[in-house]
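Visitor: Mind having a look at this structure? Questions to follow.
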Amino acid sequence: MKILAIETSCDETAISIIKTYEKSNSSTPKFIILSNQLFSQAKIHAQYGGVFPMVAKREHCKIIMPLLKLALTEAKMFTKRKKPITLGADEKMYKKIFKKEPELFEQFSALIKNTKKPKIDAIAVTKGPGLEPALWVGINFAKALSLVWNIPLLPINHMEGHIVASLLKSKDKSMSYAKAWDQNVKCKTIKFPAVALLISGGHTELVLIKNWFAYKILGKTRDDAVGEAYDKVARMLGLPYPGGPQISRLAETIPDKSSRFPLPRPMFNSDNFDFSFSGLKTAVLYTIKKIPRLTPKMKAEIANEFENAIVEVLLKKTLLATQKHKARTIILGGGVSANKRLRKYFQNMAKENNIELLLPNPALSTDNALMIAIAAYCRVIKPNKKTELTTTKQKTSLSAHGTLTLERLLN
Numbered sequence: 000m001k002i003l004a005i006e007t008s009c010d011e012t013a014i015s016i017i018k019t020y021e022k023s024n025s026s027t028p029k030f031i032i033l034s035n036q037l038f039s040q041a042k043i044h045a046q047y048g049g050v051f052p053m054v055a056k057r058e059h060c061k062i063i064m065p066l067l068k069l070a071l072t073e074a075k076m077f078t079k080r081k082k083p084i085t086l087g088a089d090e091k092m093y094k095k096i097f098k099k100e101p102e103l104f105e106q107f108s109a110l111i112k113n114t115k116k117p118k119i120d121a122i123a124v125t126k127g128p129g130l131e132p133a134l135w136v137g138i139n140f141a142k143a144l145s146l147v148w149n150i151p152l153l154p155i156n157h158m159e160g161h162i163v164a165s166l167l168k169s170k171d172k173s174m175s176y177a178k179a180w181d182q183n184v185k186c187k188t189i190k191f192p193a194v195a196l197l198i199s200g201g202h203t204e205l206v207l208i209k210n211w212f213a214y215k216i217l218g219k220t221r222d223d224a225v226g227e228a229y230d231k232v233a234r235m236l237g238l239p240y241p242g243g244p245q246i247s248r249l250a251e252t253i254p255d256k257s258s259r260f261p262l263p264r265p266m267f268n269s270d271n272f273d274f275s276f277s278g279l280k281t282a283v284l285y286t287i288k289k290i291p292r293l294t295p296k297m298k299a300e301i302a303n304e305f306e307n308a309i310v311e312v313l314l315k316k317t318l319l320a321t322q323k324h325k326a327r328t329i330i331l332g333g334g335v336s337a338n339k340r341l342r343k344y345f346q347n348m349a350k351e352n353n354i355e356l357l358l359p360n361p362a363l364s365t366d367n368a369l370m371i372a373i374a375a376y377c378r379v380i381k382p383n384k385k386t387e388l389t390t391t392k393q394k395t396s397l398s399a400h401g402t403l404t405l406e407r408l409l410n
């Protein structure tokens, strides 16, 4: 089985193609990565100090077709027709699908008329959560391809993708998106129950996973997400977007945890699993305002204390959730899970408490389509949790869901 996956939930355009093994099962999925492509818009959004939704949509529309061609070519699936064909009576339907992305319709039409159908068995696409203008580009593109090629369409929860990204075994810590892994990939096994900490620019939540696809949200942020707090504090310190890596680099220059600028650990002693980072952000702002002249060393000390506060809160909440629910596995997912200090502290905690820890390859911490392909594969091989859309009505009615939760059914 070959799965084409599409991800456009925020500011990364990503397409991945995997080939699965027939004898695989949901406990240990096995597959070959035929292509794994990603285009980041980070430099484009840097001038805004964050992701601008309509700019993200525009860039997705510009790059998604070239990225698909690149992926199909690398997977040896891109074959030109000797004679062009027409879309016939269905052209109106495709124009309607791309009503808000007319430039994408022109690219789609040219592809279909001049290219043979690739040997793809299913298309997976991120349904949500994310920025809806961005999500719609991927969804409409996937709809059209699924209809014209007459293959099943699988809507995937973006956060589920971040969970399964931690399952991928990898010898290469600096996995490149520029080339496919020409090798067999075997996933790690999850020992249930598990607790997942999902941390990114838009999300901070603790999730109990009792079994495959059985999710319960234990707690989430009441205001800013972790990644959002990083970006805002980075701006206060005069650091460029994205702020997370910038703050971490500064923090690494401070050798110990002592600080002249102590910051609060929000909700550290609360009796629940929720988070709040707006107060921490405000504390940083007031700390900076009290300093007449902010030196580079002072910036580094504040960055270090801020990161320590974040890590300590995440660590304690996750450990408490793990202990309360007798979890055997902790999973980290999302862009912030690439943070070196966070990973180190969680590794130490897991070792001390004899808990399995699943960490994604740093390259898979960011949004990517490979995690969407893996999530789709796991759902396909789990008989009672299939989510394929097969009819024209099902496919055309698929919509973006910016606030989709893990607990909500996908179709």
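Under numbering that gives the first Met the number 0, think of the first position of the sequence shown as 0, with each following residue one higher. Glycine included, each C-beta is placed from N, C-alpha and C at the ideal position. Model, not experiment: these values are computed from the prediction.
1) For the beta strand (DSSP E) containing residue 195, name the first residue and the last one.
2) Any idea what DSSP makes of residue 123, helix, strand or coil?
3) Would you kindly work out how many angstroms separate the C-alpha atoms of residue 74 and residue 373, rounded to a whole number?
4) State the DSSP-derived secondary structure class of residue 321, mapped to helix, strand or coil.
5) From this set, 241, 296, 115 and 125, which residue's C-alpha is nearest residue 252's C-alpha?
6) Identify whether residue 214 lies in helix, strand or coil by the three-state DSSP scheme.
7) Can you name the residues that DSSP bridges to residue 184?
8) Can you list, in chain order, the residues of its chain whose CB lies under 7 Å from that of residue 282, leaving out five sequence neighbours each side?
9) Would you mind giving the Cβ-Cβ distance between residue 145 and residue 392, rounded to the nearest angstrom? I have them listed as a contact below 8 Å.
10) Where does residue 101 sit, in a helix, a strand or coil, going by DSSP?
11) Suppose the cutoff is 8 Å on Cβ atoms and the five residues either side in sequence are ignored; what does the same chain contact list for residue 77 look like?
12) Nearest by alpha-carbon distance to residue 412: which of 405, 331, 366 and 399 is it?
13) Comparing alpha-carbon positions, which option in 284, 326 and 256 lies nearest residue 310?
14) Should residue 106 and residue 66 be called a contact, given that it needs their Cβ atoms to be closer than 8 Å?
15) Just the Cα atoms here: how many angstroms apart are residue 375 and residue 199?
16) Given residue 0, which residues of its chain have a CB within under 6 Å of its CB, disregarding the five upstream and five downstream residues?
17) On the criterion of 16 or more Cβ atoms from any shown chain inside 10 Å, does residue 280 qualify as buried, or is it exposed?
18) With the cut-off set at 8 Å, would you say residue 361 and residue 337 are in Cβ contact?
19) Contact between the stretch 211 to 227 and the stretch 267 to 275 is defined here as three or more beta-carbon pairs at a separation below 8 Å; is this criterion met?
20) When burial is assigned at 16 or more other CB atoms within 10 Å of the CB, is residue 87 buried or exposed?
21) Cα-Cα, which of 29, 194, 340 and 388 is closest to residue 326?
22) Any idea if residue 386 is buried or exposed, counting beta-carbon neighbours within 10 angstroms, 16 or more meaning buried?
23) Tell me, to the nearest whole angstrom, how far the beta carbon of residue 340 is from that of residue 250; I am working on the premise that it is less than 8 Å.
24) Pairs of beta-carbons, one from the stretch 299 to 308 and one from the stretch 150 to 163, closer than 8 Å: are there three or more?
Guide: Inspection of the coordinates gives the following:
1) Counting from one through the sequence shown, the residue named residue 195 turns up at place 196. Judged by DSSP secondary structure, residue 195 falls within the beta strand (DSSP E) whose first and last residues are 193 to 198.
2) On the sequence shown, position 124 is the one that residue 123 refers to. Residue state, collapsed to three classes: strand.
3) Taking the first residue of the sequence shown as 1, we reach residue 74 at position 75. Taking the first residue of the sequence shown as 1, we reach residue 373 at position 374. About 17 Å.
4) By one-based count along the sequence shown, residue 321 stands at place 322. Residue 321: helix per DSSP, three-state reduction.
5) The residue you call residue 252 lines up with position 253 of the sequence shown. The shortest C-alpha separation from residue 252 is found at 296.
6) Taking the sequence shown and counting its residues from 1, the one referred to as residue 214 is at position 215. Of the three classes helix, strand and coil, the one that applies to residue 214 here is strand, per DSSP.
7) Along the sequence shown, read from residue 1 onward, the residue named residue 184 stands at position 185. Paired residues: 30.
8) Along the sequence shown, one-based indexing puts residue 282 at 283. Counting only Cβ-Cβ distances below 7 Å, and skipping sequence neighbours, we find 262 and 263.
9) Reading the sequence shown from its first residue, position 146 is the one you call residue 145. Reading the sequence shown from its first residue, position 393 is the one you call residue 392. Incorrect: roughly 13 Å between the Cβ atoms, too far for contact.
10) In the sequence shown, counting from the first residue as 1, residue 101 sits at position 102. Helix, per DSSP.
11) As a first step, residue 77 must be located in the sequence shown, where it is residue number 78. Only 68, 71, 114 and 117 meet the Cβ criterion.
12) With the chain running from 0 to 410 in the structure shown, residue 412 is simply not present.
13) As a first step, residue 310 is located in the sequence shown; it is residue number 311 there, counting from the start. For the residues 284, 326 and 256, the minimum Cα distance to residue 310 belongs to 256.
14) Against the sequence shown, residue 106 aligns to sequence position 107. Against the sequence shown, residue 66 aligns to sequence position 67. It is not a contact, given that the beta carbons lie outside the stated cut-off.
15) Mapped onto the sequence shown, residue 375 falls at position 376. Mapped onto the sequence shown, residue 199 falls at position 200. When rounded, the separation of the alpha-carbon atoms in residue 375 and residue 199 is 21 Å.
16) The residue you call residue 0 lines up with position 1 of the sequence shown. 19 and 120, listed in sequence order.
17) The count along the sequence shown starts at 1 and reaches residue 280 at position 281. So residue 280 counts as buried.
18) One-based indexing of the sequence shown puts residue 361 at position 362. One-based indexing of the sequence shown puts residue 337 at position 338. Yes, they are a contact pair.
19) yes
20) As a first step, residue 87 is located in the sequence shown; it is residue number 88 there, counting from the start. Flag for residue 87 reads exposed.
21) Translated into positions along the sequence shown, residue 326 becomes position 327. Comparing Cα positions, the closest option is 194.
22) Taking the sequence shown and counting its residues from 1, the one referred to as residue 386 is at position 387. So residue 386 ends up on the buried side.
23) As a working note, residue 340 is residue 341 in the sequence shown. As a working note, residue 250 is residue 251 in the sequence shown. So it is a contact: roughly 7 Å between Cβ atoms.
24) no
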